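Number 113 marks the last residue of the sequence shown (the numbering used here); no jumps. Backbone N, C-alpha and C define an ideal beta-carbon position, used for all residues, glycine too. Model, not experiment: these values are computed from the prediction.
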Amino acid sequence: MGDPRRLKKKYDTPNHPWIAERLKREKELLNKYGLVNKRELWKMETRLRKFRRQARKLISDTSKQGEKEAQQLFSILRRYGILVKDNPTLDDVLSLTVEDILERRL
């Protein structure tokens, strides 16, 4: 049957567990969007962090492949319902917030 695969976490936890500002902001987001636990919020923050990291990488890449990857990123964000502009730019991806990602849940 083979070896069982190692399941990886789909989220990153905060570096410091008890920062009052972060706890207050997380609590407000949990109540506003009806999240069950903070792990769901951390998943969305991690997903946003990955999109933004990819956009920063693509801003510096001016090759034809970079343009193709940017269009693929835009199509993914459009398919998820996060980025709904007609002609998005990488700056639009960088300006996304976690509220934009959580808004699509409603």
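First through last residue of the alpha helix (DSSP H) which encompasses residue i
i           : result
residue 38  : 27–40
residue 57  : 45–67
residue 105 : 105–110
residue 100 : 97–101
residue 83  : 71–87
Residue of the options minimising C-alpha distance to residue i
i           : options    : result
residue 105 : 33, 20, 22 : 33
Buried versus exposed call for residue i [16 or more other C-beta atoms within 10 Å across all chains shown]
i           : result
residue 108 : buried
residue 52  : buried
residue 91  : exposed
residue 14  : exposed
residue 101 : exposed
Pairwise C-alpha distance: residue j and residue i
i          : j          : result
residue 60 : residue 66 : 10 angstroms
residue 83 : residue 36 : 24 angstroms
residue 69 : residue 45 : 38 angstroms
residue 43 : residue 30 : 15 angstroms
residue 80 : residue 99 : 12 angstroms
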